[in-house]
């Protein structure tokens with residue numbers, strides 16, 4: 001069920017990223033909506049779903065990008081895996097933990113993507129990319145983390161309602 | 167198998183699948199599949215771009231917003247209908263201005279055949295400078311065709327599906343356009359800079375260049391038609407110890423506000439690779 005909902009949701013998020021969010025920039029950075037959805041889905045306790053969402057969302061982004069096909073998916077799967085190493089309850093223990101995770105997740109995601117770009121022959125300016133794109137993006141992602149977290153928690157509760165003992 | 171191990175194995179399988187995709191893509195075997203998958207995404211993108219065009223203008227703040235807001239405050243609900251009409255008319259006027267500019271440009275080069283395309287998206291990666299347009303092979307758009315506006319060169323088509331195309335902007339770090347200074351006729355290469363700028367590189371030290379000089383495509387290399395505006399010189403950095411000089415350019419096109427572009431559909435890029443290939447070594451004959 002999560003995959004049936006996830007595919008259109010992630011495709012829509014990828015299109016939003018490419019069509020609308022890419023026009024609102026802080027320096028060179030934009031919001032990584034797909035990353036936020038994947039990270040939050042993993043954090044709410046769906047480690048396998050998070051990895052599959054990362055694959056689906058990443059491939060949607062790759063289709064809309066001129067970069068190497070699979071680079072976004074690779075970065076997102078690695079971020080989802082990293083986030084899944086701690087169990088769901090860990091993230092609920094302090095509000096700053098999801099925020100810290102998105103900072104780290106953005107940096108890892110961008111490093112993997114830039115590495116894939118460099119390996120496939122694109123010109124990469126590491127210093128400028130990290131300072132003008134990754135850092136502002138991390139800030140924007142952090143600002144949007146909590147609203148997206150609330151949305152994903154709501155979606156998770158709708159798709160997997162808690163069992164009630166009668 | 168522990169939970170950690172099964173998780174790691176699962177993710178390793180996913181990564182192996184992605185690496186296989188990366189390799190297949192590098193060898194060009196995924197183009198057909200990508201084209202099929204991109205078609206519904208392009209349709210969705212076209213819908214989202216159309217639906218959010220007004221929103222983007224509102225959030226960014228067009229010059230008329232303040233006046234419209236003031237009017238809205240004064241006339242409140244009674245004027246709501248009129249406001250809506252005004253916005254619609256302004257959008258129409260803006261489109262008309264854009265199109266008449268493009269039409270004038272098209273008339274100035276009657277030999278070229280143009281197809282006007284809407285910009286429906288940008289690259290999903292902030293590290294790359296591409297746009298997505300809503301015309302593809304069905305409208306005669308093909309790879310390597312130049313894309314322009316009345317303000318100058320936008321870029322070149324690098325990938326096409328039936329109904330959309332990806333255009334590499336001249337500001338992409340991987341873009342290089344052979345260029346010429348309009349006044350002094352000195353030649354160089356306009357290279358994209360990370361962050362959306364342009365540099366004119368490989369200019370000789372003797373080249374007479376000053377701020378404000380117009381830079382055009384030179385047509386050398388056969389990748390672009392000759393005489394399209396690339397931009398103007400914004401800064402000259404001449405170092406006496408350098409063999410060549412580099413100058414910064416301000417692109418003629420405002421890439422943040424691209425809405426409609428023209429694809430030159432009858433341009434045939436010249437493949438110079440056979441000419442540039444090393445000459446075959448003459449066979450050595452023994453007396």
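Residue numbers (the working numbering), protein chains in the order written: chain A, 1 to 166; chain B, 167 to 453.
Cβ coordinates follow ideal geometry from the N, Cα and C atoms, glycine included.
Query raised in the report: According to DSSP, which residues form a beta bridge with residue 318(B)?
Result: 315(B)
Requested in this report: Grab the span of the beta strand (DSSP E) containing residue 296(B) for me, first residue to last.
Outcome: 296-299
Report task. Give the straight-line distance between the Cα atoms of residue 183(B) and residue 381(B), rounded to the nearest whole angstrom. Result -> A direct Cα-Cα distance of roughly 46 Å separates residue 183(B) from residue 381(B).
Requested in this report: Would you check if the distance between the CB atom of residue 324(B) and the CB atom of residue 424(B) is smaller than 9 Å?
Outcome: Using a Cβ distance threshold of 9 Å, residue 324(B) and residue 424(B) do not count as a contacting pair.
Requested in this report: Could you please give the first and the last residue of the uninterrupted alpha helix (DSSP H) stretch that includes residue 169(B)?
Outcome: 169-192
Query raised in the report: For residue 201(B), which of helix, strand or coil comes out of DSSP?
Result: helix
Query raised in the report: Given that a residue counts as buried once 16 or more other Cβ atoms are within 10 Å of its Cβ, and exposed if not, what is residue 300(B)?
Result: buried
Query raised in the report: What is the C-beta distance between residue 294(B) and residue 365(B), in whole angstroms, given that I count them as a contact (C-beta under 8 Å)?
Result: With 8 Å as the limit, residue 294(B) and residue 365(B) do not qualify as a contact, their Cβ atoms being about 18 Å apart.
Query raised in the report: Shorter than 9 Å from the beta carbon of residue 129(A) to some beta carbon of chain C?
Result: No chain C appears in this structure, whose protein chains are A and B.
**Report entry** Inter-residue CB distance, residue 290(B) and residue 65(A) (contact presumed, cutoff 8 Å)
**Finding:** 5 Å
Requested in this report: Starting from the Cα of residue 396(B), find the closest Cα among 412(B), 416(B), 389(B) and give me that residue.
Outcome: 416(B)
Query raised in the report: Taking Cβ to Cβ, would you say residue 410(B) is nearer than 9 Å to residue 374(B)?
Result: no
Query - Positions along the segment 36-65 of chain A whose CB lies within less than 9 Å of some CB in chain B - result: 47, 48, 51, 52, 54, 55, 58, 59, 60, 61, 62, 63, 64, 65
Query - CB contact flag (residue 83(A), residue 39(A), <9 Å) - result: yes
Query - Proximal chain B residues relative to residue 74(A), where beta-carbon distance stays under 7 Å - result: Ordered by position in chain B, the residues that pass the 7 Å Cβ test against residue 74(A) are 181, 184.
Report task. Compute the beta-carbon to beta-carbon distance between residue 414(B) and residue 400(B), rounded to the nearest angstrom, for a pair I have assumed lies under 8 Å. Result -> Separation of the CB atoms of residue 414(B) and residue 400(B) is rounded to 5 Å, and the pair is thereby assigned contact status at 8 Å.
Query raised in the report: Under three-state DSSP, which class holds residue 185(A)?
Result: Missing from the structure shown is residue 185(A); chain A here goes from 1 to 166 and no further.
Query raised in the report: Since residue 429(B) sits in a beta bridge, which residues does DSSP pair it with?
Result: Looking at the DSSP assignment, residue 429(B) forms a beta bridge with 281(B), 313(B).
Query - Spatial distance of residue 215(B) from residue 351(B) (CA atoms) - result: 41 Å
Query raised in the report: Is the beta carbon of residue 427(B) sitting closer than 9 Å to the one on residue 343(B)?
Result: no
Query - Contacts around residue 129(A), its chain only, beta-carbon distance under 7 Å, and the 5 residues preceding and following it disregarded - result: 114
**Report entry** Short Cβ contact (9 Å threshold) for residue 49(A) with residue 133(A)
**Finding:** No, Cβ-Cβ distance for residue 49(A) and residue 133(A) is not below 9 Å.
Requested in this report: Using a Cβ-Cβ cut-off of less than 8 Å, give me the residues of the segment 132-156 of chain A that come near chain B, in sequence order.
Outcome: 132, 133, 137: these are the residues of the segment 132-156 of chain A whose beta carbon lies less than 8 Å from some beta carbon of chain B, given in chain order.
**Report entry** When 174(B), 430(B), 189(B), 168(B) are compared against residue 311(B), the one with the closest alpha-carbon
**Finding:** That would be 430(B), whose Cα lies nearest to the Cα of residue 311(B).
Query raised in the report: Based on Cα-Cα distance, which residue from 267(B), 412(B), 360(B) lies nearest to residue 353(B)?
Result: Checking every option, the nearest Cα to that of residue 353(B) belongs to 412(B).
Query raised in the report: Closest to residue 137(A) by CA distance: which of 159(A), 102(A), 120(A), 56(A) is it?
Result: 102(A)
**Report entry** residue 308(B) in three-state terms, based on DSSP
**Finding:** coil
Query raised in the report: Going along chain A in order, which residues have a C-beta closer than 8 Å to the C-beta of residue 286(B)?
Result: 19
Query - Buried/exposed call for residue 332(B), threshold 16 Cβ in 10 Å - result: Burial is judged here by how many other beta carbons sit within 10 angstroms of a residue's own beta carbon; residue 332(B) has at least 16 and is buried.
Query - Burial state of residue 3(A), where buried means 16 or more other Cβ atoms lie within 10 Å - result: Under the 10 Å beta carbon count, residue 3(A) is surrounded by fewer than 16 other beta carbons and is classified as exposed.
Query raised in the report: Taking three-plus beta-carbon pairs below 8 Å as touching, is the segment 193-203 of chain B in contact with the segment 269-288 of chain B?
Result: Counting Cβ pairs under 8 Å, fewer than three are found: no touch.
Report task. Would you list, in chain order, the members of the segment 92-117 of chain A that have their beta-carbon closer than 9 Å to a beta-carbon of chain B? Result -> 110, 113, 114, 116, 117
Query raised in the report: Would residue 78(A) count as contacting chain B if we go by Cβ distances under 9 Å?
Result: Yes - at least one Cβ of chain B is within 9 Å of the one on residue 78(A).
**Report entry** Where residue 211(B) meets chain A, residues with beta-carbon distance less than 8 Å
**Finding:** 15, 18, 19, 64
Query raised in the report: Which chain A residues sit within Cβ distance under 7 Å of residue 200(B)?
Result: 63, 69
Query raised in the report: If you count every other CB in all the chains shown that lies within 10 Å of the CB of residue 106(A), and 16 or more means buried, which is it?
Result: Label assigned to residue 106(A): buried.
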